[in-house]
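Residue 33 in my numbering sits at position 26 of the sequence shown, with consecutive numbering throughout.
Virtual Cβ for every residue (Gly too), placed ideally from N, Cα, C.
What follows is a set of notes on a single structure, which appears directly below.
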Amino acid sequence: MIITKKEILHVQLRSNHLWAFATAMSTLLLFGCTSQPASETASTTPTTRVNAPISPTTARSGGVSTISCGSYVPASQGAPISITSSSGPLRVTLKGTEASGYNDISGGVLTIAGGSATLFKSALVQPDVGPPPVPTGSLNSYPVSLGSLTNFKNGGSGLPVYNNAQPPTQYPLCIVATHGPMTSYSILLEVDTGGAHCCSVVDTWAVTGGKYIAYSSALVGNGYGYLTTLDGQSVLIGEDNRFAYVFDNYAGSAMPIRIYRLSSPQNHTLTSSPVTLGSTGSGWTDITKQFPAIVSKEAHFFLVQYQRGLSEQYSGLGLLAGWAADECVLGRSAEAGAYINSQLKAGHLISSAPGMGLPSGAAFVTALKKFLISTGYCNLS
């Protein structure tokens with residue numbers, strides 16, 4: 008198999024966010040990943056991995072946030088699956104049957120229990136087939152593809168990357184506990200719609216005061232949502248999908264990092280289909296601007312990759328667009344505008360995907376300025 012420069016760039020872009028976290032924030036805590044013996048994956052007994060916890064961290068508000076995740080190793084087709092996560096009195100279990108041997112579960116049922124009481128029980132439905140939870144008893148036979156909220160390995164030189172080892176350990180089911188006068192819990196499940204790289208969906212169930220409160224479903228989009236703790240806050244790391252295909256093909260599209268915090272349970276709403284992550288009703292709030300060091304690391308990465316591409320006769324306008332967006336977040340729109348104008352004068356703004364009808368030269372500058380305004384980033388001067 009021949010690996011193209013585009014495919015190499017694709018891998019680099021997908022891992023750059025995690026590289027930025029590790030080098031910018033000492034509070035970033037990543038899961039390691041342990042491959043299981045081959046004999047285990049073929050077992051017909053239920054597969055249960057309980058609680059690969061992230062250490063508790065004191066939040067800005069003085070509270071403590073903890074994350075506990077249940078893990079799962081794809082088994083042989085037809086094998087029973089049981090994934091469990093526990094936090095305090097709360098125990099969450101997802102049971103079903105291995106549908107394909109690769110992350111797919113059929114007949115999945117999620118149960119949230121507090122002590123001996125069942126607080127919530129629901130079947131799972133594939134996100135692009137129908138509304139997420141439906142009453143138990145009307146199970147949808149279409150398999151649900153599980154994602155992984157926390158699955159990393161050391162990629163060398165301190166670079167953490169998504170672990171694609173086979174068989175991989177997945178962490179699709181996590182509990183975020185926010186401790187205070189009354190501890191609240193958010194149960195997170197990441198599923199995938201089954202496309203080549205789109206789309207990931209994070210479902211959230213909120214429990215407060217020993218009662219199930221609400222449900223929300225957030226569309227992460229391309230790639231995955233990564234759950235971790237930054238500065239004491241349990242956050243989901245995503246990327247701005249609006250940049251995909253706008254200035255380059257998917258592999259060459261640098262999608263700026265977005266960091267989201269769980270909203271309080273009363274902000275969650277029951278939705279019939281996923282709501283875009285960070286928007287009203289998604290259950291998540293965009294707090295990217297609180298972490299300029301991480302954004303700055305990513306901006307540096309994008310710019311270095313863009314400049315490296317120029318030396319290899321590859322004009323990465325998708326990279327330049329992502330860099331400009333990060334510069335906007337950092338309050339450096341004037342500097343970004345000046346640099347892009349210098350690249351225009353140097354004749355470097357040539358589309359690397361001419362067959363897609365994407366803008367080059369002065370048209371690229373105009374299109375980028377309009378796009379950054381329409382997406383709420385900034386006005387390049």
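Take residue i and list the residues in its own chain whose beta-carbon comes closer than 8 Å to its own, dropping the five residues that flank it on each side.
{"i": "residue 142", "result": "Its pLDDT being 36, under 50, residue 142 is placed unreliably by the model, and nothing is read from it."}
{"i": "residue 337", "result": "299, 302, 303 and 306"}
{"i": "residue 381", "result": "none"}
{"i": "residue 360", "result": "255, 256 and 259"}
Less than 8 Å between the CB atoms is what I'm expecting for residue i and residue j, so what's the real figure, rounded?
{"i": "residue 72", "j": "residue 193", "result": "Going by Cβ atoms, the distance from residue 72 to residue 193 rounds to 10 Å, so no, they are not a contact pair."}
{"i": "residue 378", "j": "residue 253", "result": "6 Å"}
Tell me the rounded alpha-carbon separation between residue i and residue j.
{"i": "residue 296", "j": "residue 237", "result": "13 Å"}
{"i": "residue 287", "j": "residue 74", "result": "24 Å"}
{"i": "residue 217", "j": "residue 112", "result": "28 Å"}
{"i": "residue 317", "j": "residue 346", "result": "15 Å"}
{"i": "residue 156", "j": "residue 265", "result": "15 Å"}
{"i": "residue 251", "j": "residue 116", "result": "34 Å"}
{"i": "residue 58", "j": "residue 78", "result": "Note that residue 58 scores a pLDDT of 30, beneath 50, so its modelled location is shaky and nothing firm can be said."}
{"i": "residue 334", "j": "residue 343", "result": "6 Å"}
{"i": "residue 353", "j": "residue 363", "result": "23 Å"}
{"i": "residue 349", "j": "residue 369", "result": "11 Å"}
{"i": "residue 114", "j": "residue 108", "result": "15 Å"}
{"i": "residue 376", "j": "residue 328", "result": "10 Å"}
{"i": "residue 285", "j": "residue 234", "result": "15 Å"}
{"i": "residue 339", "j": "residue 182", "result": "37 Å"}
{"i": "residue 261", "j": "residue 330", "result": "8 Å"}
{"i": "residue 351", "j": "residue 315", "result": "17 Å"}
{"i": "residue 124", "j": "residue 213", "result": "16 Å"}
{"i": "residue 168", "j": "residue 244", "result": "Below a pLDDT of 50, predicted positions are generally treated as unreliable, and residue 168, at 44, falls in that range; the measurement from the model is reported next regardless. One C-alpha to the other measures close to 14 Å."}
Only counting the same chain, and skipping five residues up and downstream in sequence, which positions put a Cβ closer than 7 Å to that of residue i?
{"i": "residue 341", "result": "388"}
{"i": "residue 367", "result": "356, 357 and 358"}
{"i": "residue 154", "result": "179, 197, 198, 199, 207 and 231"}
{"i": "residue 110", "result": "81, 152, 153 and 177"}
{"i": "residue 205", "result": "228 and 229"}
{"i": "residue 122", "result": "96"}
{"i": "residue 249", "result": "382"}
Indicate the three-state DSSP secondary structure (helix, strand or coil) for residue i in the structure shown.
{"i": "residue 127", "result": "strand"}
{"i": "residue 105", "result": "strand"}
{"i": "residue 99", "result": "strand"}
{"i": "residue 294", "result": "coil"}
{"i": "residue 114", "result": "strand"}
{"i": "residue 372", "result": "helix"}
{"i": "residue 315", "result": "helix"}
{"i": "residue 299", "result": "helix"}
{"i": "residue 357", "result": "coil"}
{"i": "residue 154", "result": "coil"}
{"i": "residue 249", "result": "helix"}
{"i": "residue 346", "result": "helix"}
{"i": "residue 365", "result": "coil"}
{"i": "residue 340", "result": "helix"}
{"i": "residue 333", "result": "helix"}
{"i": "residue 381", "result": "helix"}
{"i": "residue 217", "result": "coil"}
Ignore the nearest five residues each way along the sequence and tell me which others in residue i's own chain have a CB closer than 6 Å to its CB.
{"i": "residue 7", "result": "For the chain, the structure presents residues 8 to 388; residue 7 sits outside this window and is missing."}
{"i": "residue 100", "result": "91 and 118"}
{"i": "residue 211", "result": "193, 195, 223 and 290"}
{"i": "residue 219", "result": "126 and 127"}
{"i": "residue 373", "result": "none"}
{"i": "residue 268", "result": "240, 242, 292 and 294"}
{"i": "residue 98", "result": "120"}
{"i": "residue 102", "result": "89 and 116"}
{"i": "residue 312", "result": "326"}
{"i": "residue 386", "result": "380"}
Checklist entry - In chain order, which continuous runs of the beta strand (DSSP E) of length 3 or greater are located wholly inside the segment 178-209? => result Correct list: 191-199.
Item to check | Segments of 3+ residues assigned as beta strand (DSSP E) that fall wholly inside the segment 220-247 | outcome: The segment 220-247 contains these whole beta strand (DSSP E) runs: 233-237 and 240-246.
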